């Protein structure tokens, strides 16, 4: 009997879409290895994230997605975020130097910058979500997009430290000590025949002289 509209409710893996056994339980989310404000724990990533956040973002994306070179995300970050910050500074400077600038124009520029920052927070937050999904990490201290909107530079450094820590843990876990098997001596046919050939020589020392009575 065939049921055309019957479909089993089988759980599938979200990555490979393969069916999962009924006893399967997804791993629980783990806390981050370092806090969001632990930038000083890694001096190199802290300085890179402070002065060249676009480079740090590109490196994070490249390590998370091996088929993506770091230059593309780096340029995109530099244009959208660093460029937006530069435009905001220029707008504030122009307003103070030239008070005659229309206030409505300034408000439009500020609204555009805020909208761009929000969109960049969503994009960089998606990268953070991919990292959390890969290593089963909790939302800390809040949603990934909100973290990047509020603590963008700190989030970049935290993600870099997390990937460094996970990578070092994987290297140490894969290093296993393999002991070689014990050496086994194999006897050849010549070695087996040695006792037989040596038996006549041993008999020379045990010969008895028999005399007639």
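Residue numbers (my numbering): 1043 to 1255.
Every residue gets a Cβ at the ideal spot worked out from N, C-alpha and C, and that includes glycine.
Fair warning: this is a prediction, and the values are worked out from it, not measured in the lab.
| query | result |
| --- | --- |
| Nearest-angstrom Cβ-Cβ length linking residue 1203 and residue 1075, presumed shorter than 8 angstroms | 7 angstroms |
| Proximity of residue 1158 and residue 1122 at Cβ, strictly below 8 angstroms | yes |
| Residue 1150 versus residue 1127 - alpha carbon distance | 15 angstroms |
| Ordered list of alpha helix (DSSP H) runs contained in the region 1048-1101, each at least 4 residues | 1085-1093 |
| The region 1174-1186 / the region 1127-1147 touching (three or more Cβ pairs under 8 angstroms) | no |
| Residue 1155 vs residue 1173 beta-carbon contact at 8 angstroms | no |
| Burial state of residue 1152 (16 or more Cβ within 10 Å) | exposed |
| C-alpha distance - residue 1118 paired with residue 1064, whole-angstrom precision | 44 angstroms |
| Of the residues 1106, 1078, 1086, 1089, the one placed nearest residue 1209, counting alpha carbons only | 1106 |
| Residue 1137 vs residue 1143 beta-carbon contact at 8 angstroms | yes |
| With 16 other Cβ atoms within 10 Å as the buried cut-off, status of residue 1085 | exposed |
| beta-carbon residue 1145 near the ligand ADP non-hydrogen atom, thresh 7 angstroms | Of ligands this structure carries none, so the ligand ADP is not represented either. |
| Stretch pair the region 1182-1189 + the region 1091-1098: three plus CB contacts closer than 8 angstroms | no |
| Cβ-Cβ separation, residue 1081 to residue 1097 (assumed contact under 8 angstroms), whole Å | Not a contact, Cβ separation roughly 15 angstroms. |
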